[in-house]
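Reviewing the structure listed below.
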Amino acid sequence: MTELTNWINGQRVKSTSGRFADVYNPATGEVQAKTPLSTAAELNDAVAKAAEAQKAWGATNPQRRARVMMAFGALINKHMDELAEMLSREHGKTLPDARGDVQRGLEVVEVCMGAPSLLKGEFTDDGGPGIDLYSMRQPLGVVAGITPFNFPAMIPLWKMAPALACGNAMILKPSERVPSTALRLAELIQEAGLPDGVLQVVNGDKEVVDAILDNETIAGVGFVGSTPIAQYIYGRAATNGKRAQCFGGAKNHMIIMPDADLDKAADALVGAGYGAAGERCMAISVAVPVGQKTADALIEKLVPRIEKLKVGPYTAGEDVDYGPVITATAKSRIEGLIDSGVNQGAKLVIDGRGFEMQGYENGFFVGPSLFDNVTPDMDIYREEIFGPVLSQVRADSYEEALNLVIDNPYGNGTAIYTADGDTARDFAHRVNVGMVGINFPIPVPLSYHTFGGWKKSAFGDLNQYGPDAFRFYTKTKTVTARWFSGIKDGAAFNFKAMD
Ligand code: NAD
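Taking the working numbering, the leading residue of the sequence shown gets 26, the next gets one more, and so forth.
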C-alpha cells in the first residue's frame, strides 16, 4: 500500500497528522494508496514557506517565469501517457479521455507562456498637464487552489499555471480521491525550473480547506467542486477578506429543434451524456427535444446507440466508452436517484442499475440509463446526478424549452441543435448560462478564452483561465504621476477633476 505525501519546498514530505483517506482503483474497488489528511498546522507551515519563496519568484521577470511554463509544457507532453495512466488508475476514466484531461490542462500552460504580454499594464500619456497615468499588475502573494476529483490533471493545471505565471506562490489542495497526479505535476514543474516552495501541495480534507480560508497570508482562493461547497468557500473566504472564485455544479440542457440533424444530435448526446460516466461539470444531463415528433424520433435514435456503449476498466484499452464512477457511495447515490425517477413517474427506457463487470465485480460500474417523460419537479431533474444518466424532458415549443434552461438554478453550459441560424442566435443571446454550444455539445472554451458558469454554477468574479485568470491572480496598481515643469504654482487642496 502506497502512502502518499505532501509536496513541500520541492520534496515529498510525509504528513504527521496520522489521518488518511483511502484512494481507490474504482475499476477493481481496491484501495491502492492512502493519502494524508494534513493538519491546519502543516498548512500554515507550508504557507509561511511559500510566502518566503514568493518574494524572489514575484521579482523574477515575466519572461523568465514564462520560460518555466515552456519547459513545463514540454515535460507534460513528454510524460503525457504516464500522467494519463496515473489519473485513470485513480479516477477510472478511459485512457483517451485521460489524455484529453491532461491536454486541456496543458493548453492553459501554453497560454501562460505568453505571460509577459498578458501582464502588460496600461498607460495614459498626458492625462492632464504634465500628468501621466499607468497601471501595473502585481501578484497577490500566496494563493490557494482547491480542486475536485473529476479532472485530476486539468483543473490543478487551470489553477497553478496562471497563478504561478503571474508571480504568485500557490498552495494546491487536490481532491483526496485523486491526489497522485497533482504531486507528479509538482515534480515536473520543479524539473522545469520552478524554485522550491513556490508550489506546495498539501493533501487533506475540510480541516486543510478551513485552514486555507482562515490563513491571513493567503490572499486569493480558486475553488472548483460541488455547489454547496463552492458557496461555503466563497462566503468564508470573502468574510476573511480574500479574493475568491468558486465554481460549482451543473445541470446542462441540450435543446433539439425539429429541424436539427437528429443523428448528429443523438451522437452528441451519447458522448456528452455518458462520456467519463457523466462525471463532467459540462456533461449534458438533460435533452429537451421540441415537439412530440422530435422527442419520439430522438428516443429511437438514442436507444441503439446507448445499448452499444461499452463500459469497462481503462486497462481494457481504447475500446471502452466509459469507466466506473468514483466511489461505491457515488454508485449507490446514482442508483438511488434512478430509483427515485421510477418512483416519481418518469419512464425508464434503459436501466443501468445493477450493472456488473465480469472479473471486476467489486468495481464501481454503473450502466447507462435513459429516462423519458421527465418533469422539472422530479429529483432526477432537480439534482446534479453526476453519473451516466440522461433525462429527456419534452417541450412543446422553443420558448418552453428555452424557459426551462432559464429557470434552472444552474448555469454552467448548454447547447442547441438546429439548422436555423436565427433560432441559434436568439438562444445564444437570451439564455442565462455561461457557456453555450451551437451544434456543439460540450462548449468548454479554448484556453485563450475563459471558462465560467452563471447562477449557482459559480460564485465570485472573473472566469477561469485566459485573460480573466491574469486579472484574478494580480492586483492592479494605478499610478498618477506629475513632473513639474519647474514653475511652482502652489498647492491644491480641493479634490477635483483633471484640468
Ligand atoms: P466536492 O465539492 O466534494 O470537492 C471539491 C473539493 O472540496 C475537494 O478538494 C474536497 O476535498 C473539498 N471539500 C469537500 N467537502 C468539503 C467541505 N465540507 N469543506 C471544505 N472542503 C471540502 O466536489 P467533487 O465531488 O470532488 O467534484 C464534483 C463536483 O465538482 C460536481 O458538482 C461538478 O459539477 C463540480 N465541478 C465543477 C466544475 C466547474 O468548473 N464548474 C468543474 C469540475 C467539477
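By construction, the Cβ of each residue, glycine as well, lies at the ideal position given by its N, Cα and C atoms. Source: prediction; values computed, not measured.
Legend entry - Where W525 sits in the DSSP three-state scheme: Absent from the structure is residue 525, since the part of the chain shown begins at 26 and ends at 524.
Inset, instruction - Starting from the C-beta of A285, find all residues in its chain whose C-beta is less than 6 Å away, skip the five residues before and the five after it, and write them out in chain order. - result: Position 260 of the sequence shown, counting from 1, holds the residue named residue 285. Taken in chain order, the residues that qualify are Y442, T443.
Inset, instruction - With a threshold of 7 Å, establish whether the CB of V350 neighbours any heavy atom of the ligand NAD. - result: Against the sequence shown, residue 350 aligns to sequence position 325. Not under cutoff, so the answer is no.
Legend entry - Residue from L112, K276, R455, A75 with nearest C-alpha to V526: There is no way to answer for residue 526, as the model of the chain reaches only from 26 to 524.
Inset, instruction - Check whether the segment 162-175 touches the segment 243-252, taking contact to mean three or more Cβ pairs, one atom from each stretch, closer than 8 Å. - result: yes
Inset, instruction - Identify whether H104 lies in helix, strand or coil by the three-state DSSP scheme. - result: Here residue 104 refers to the residue found at position 79 when the sequence shown is read from its first residue. H104: coil per DSSP, three-state reduction.
Inset, instruction - With a cut-off of 8 Å on the beta carbons, I'd call H116 and P177 a contact; round off their distance for me. - result: Mapped onto the sequence shown, residue 116 falls at position 91. Mapped onto the sequence shown, residue 177 falls at position 152. With a Cβ gap of about 6 Å, H116 and P177 count as contacting.
Legend entry - Coarse secondary structure for R305, derived from DSSP in three states: Working through the sequence shown from its first residue, we reach residue 305 at position 280. Three-state DSSP puts R305 in coil, outside helix and strand.
Inset, instruction - Return yes when at least one heavy atom of the ligand NAD lies under 7 Å from the C-beta of N175, else no. - result: Numbered from its first residue, the sequence shown carries residue 175 at position 150. Yes, the ligand NAD has a heavy atom inside 7 Å of this Cβ.
Inset, instruction - Might you give, ordered along the chain, the residues of its own chain that have their beta carbon closer than 7 Å to the beta carbon of W82, omitting 5 neighbours on each side? - result: Taking the first residue of the sequence shown as position 1, residue 82 is located at position 57. Within the same chain, W82 has close Cβ partners G192, A194, P220, V223.
Inset, instruction - Report yes if the CB atom of V461 is closer than 8 Å to the CB atom of T439, and no otherwise. - result: Here residue 461 corresponds to residue number 436 of the sequence shown, with the count starting at 1. Here residue 439 corresponds to residue number 414 of the sequence shown, with the count starting at 1. Yes. Within cutoff.
Inset, instruction - Flag V249 as yes when its Cβ comes closer than 7 Å to any non-hydrogen atom of the ligand NAD, and as no otherwise. - result: Counting from one through the sequence shown, the residue named residue 249 turns up at place 224. The answer is yes for V249.
Inset, instruction - Could you check the C-alpha separation between K198 and F174 for me, to the nearest Å? - result: The residue you call residue 198 lines up with position 173 of the sequence shown. The residue you call residue 174 lines up with position 149 of the sequence shown. Their backbone Cα atoms lie some 11 Å apart in a straight line.
Inset, instruction - Would you grab the beta carbon distance between A426 and I309 for me? Rounded to a whole angstrom, and I think it's under 8 Å. - result: As a first step, residue 426 must be located in the sequence shown, where it is residue number 401. As a first step, residue 309 must be located in the sequence shown, where it is residue number 284. With 8 Å as the limit, A426 and I309 do not qualify as a contact, their Cβ atoms being about 14 Å apart.
Legend entry - Candidates T505, A517, F520: closest to G155 by CA position: By one-based count along the sequence shown, residue 155 stands at place 130. Checking every option, the nearest Cα to that of G155 belongs to T505.
Legend entry - Reduced DSSP category for W479 - H, G, I as helix; E, B as strand; rest coil: Residue 479 sits at position 454 when you count from the first residue of the sequence shown. If DSSP states are grouped into helix, strand and coil, W479 belongs with the strands.
Legend entry - Spatially closest choice to R330 from T60, T149, A290, by CA coordinates: Translated into the one-based positions of the sequence shown, residue 330 becomes position 305. Comparing Cα positions, the closest option is A290.
Inset, instruction - Please confirm if the segment 291-311 is in contact with the segment 467-479, defined as three or more CB-CB distances below 8 Å between the two stretches. - result: yes
Inset, instruction - Would you kindly work out how many angstroms separate the C-alpha atoms of L373 and V48, rounded to a whole number? - result: As a working note, residue 373 is residue 348 in the sequence shown. As a working note, residue 48 is residue 23 in the sequence shown. One C-alpha to the other measures close to 33 Å.
Inset, instruction - For T53, count neighbouring C-beta atoms within 10 Å of its own C-beta (all shown protein chains included) and say buried if the count is 16 or more, exposed if not. - result: Along the sequence shown, one-based indexing puts residue 53 at 28. With 16 or more Cβ atoms within 10 Å of its Cβ, T53 is classed as buried.
Inset, instruction - Check whether the Cβ atoms of G377 and S365 sit closer than 8 Å, and answer yes or no. - result: On the sequence shown, position 352 is the one that residue 377 refers to. On the sequence shown, position 340 is the one that residue 365 refers to. Result no, Cβ atoms of G377 and S365 do not sit closer than 8 Å.
Legend entry - Residues that DSSP places opposite D47 in a beta bridge: Here residue 47 corresponds to residue number 22 of the sequence shown, with the count starting at 1. Answer is K59, bridged to D47.
Inset, instruction - Look at the Cβ atom of V328, then the Cβ atom of K335, and state whether they are nearer than 8 Å. - result: Start at 1 with the first residue of the sequence shown, and residue 328 comes out as number 303. Start at 1 with the first residue of the sequence shown, and residue 335 comes out as number 310. Contact: no.
Inset, instruction - Report yes if the C-beta of S357 is less than 7 Å from at least one heavy atom of the ligand NAD; otherwise report no. - result: As a working mapping, residue 357 is identified with position 332 in the sequence shown. Because no heavy atom of the ligand NAD lies under 7 Å away, the Cβ of S357 does not count as near it: no.
Legend entry - Boundaries (first-last residue) of the beta strand (DSSP E) holding F272: Locating residue 272 in the sequence shown gives position 247, where the first residue counts as 1. Start and end: 268-272.
Inset, instruction - Could you tell me which of Q225, G35, A123, A66 sits nearest to V340, measuring between CA atoms? - result: Working through the sequence shown from its first residue, we reach residue 340 at position 315. Looking at the sequence provided, one finds Thr at residue 340 rather than Val. Of Q225, G35, A123, A66, the residue nearest in Cα terms is A123.
Inset, instruction - Give a yes or no on whether the C-beta atoms belonging to G412 and V350 are separated by under 8 Å. - result: In the sequence shown, counting from the first residue as 1, residue 412 sits at position 387. In the sequence shown, counting from the first residue as 1, residue 350 sits at position 325. In this structure, V350 lies closer than 8 Å to G412 by Cβ.
Inset, instruction - Assign L471 to buried or exposed, taking buried as 16 or more other Cβ atoms, counted over all protein chains shown, within 10 Å of its Cβ. - result: Taking the first residue of the sequence shown as 1, we reach residue 471 at position 446. Label assigned to L471: exposed.
Inset, instruction - Over the uninterrupted alpha helix (DSSP H) stretch that includes P164, give me the two end residues. - result: Residue mapping note: residue 164 aligns to position 139 of the sequence shown, counting from 1. It is not in any alpha helix (DSSP H) - P164 instead sits in the beta strand (DSSP E) that spans 156-164.
Legend entry - 3-residue-minimum beta strand (DSSP E) runs that sit fully inside the segment 332-388, ordered along the chain: 372-375
Inset, instruction - Please list the segments of the beta strand (DSSP E) lying wholly inside the segment 182-251, counting only runs of 3 or more residues, in order along the chain. - result: 194-198, 224-226, 243-249
Inset, instruction - Consider the C-beta atom of F259 and the heavy atoms of the ligand NAD; say whether any pair is separated by less than 7 Å. - result: In the sequence shown, counting from the first residue as 1, residue 259 sits at position 234. It should be pointed out that residue 259 corresponds to Tyr in this sequence rather than to Phe. No, since every heavy atom of the ligand NAD falls outside the 7 Å radius drawn around the Cβ of Y259.
Legend entry - Straight-line Cα distance separating I237 from V119: Numbered from 1 along the sequence shown, position 94 holds the residue referred to as residue 119. Numbered from 1 along the sequence shown, position 212 holds the residue referred to as residue 237. Checking the sequence shown, residue 119 turns out to be Thr, not Val. One C-alpha to the other measures close to 33 Å.
Legend entry - Y259 versus A320: straight-line alpha-carbon distance, rounded: Residue mapping note: residue 259 aligns to position 234 of the sequence shown, counting from 1. Residue mapping note: residue 320 aligns to position 295 of the sequence shown, counting from 1. About 40 Å.
Inset, instruction - Can you give me the Cβ contacts of Q163 inside the same chain, cut-off strictly under 7 Å, excluding the 5 residues immediately before and after it? - result: Stepping through the sequence shown from its first residue, residue 163 is reached at position 138. Excluding residues within five positions, the ones whose Cβ falls inside 7 Å are T499, K500, K502.
Inset, instruction - Pick out whichever of H454, I324, A91, V133 has its Cα sitting closest to the Cα of A140. - result: Taking the first residue of the sequence shown as 1, we reach residue 140 at position 115. Of the listed residues, the one whose Cα sits closest to A140 is A91.
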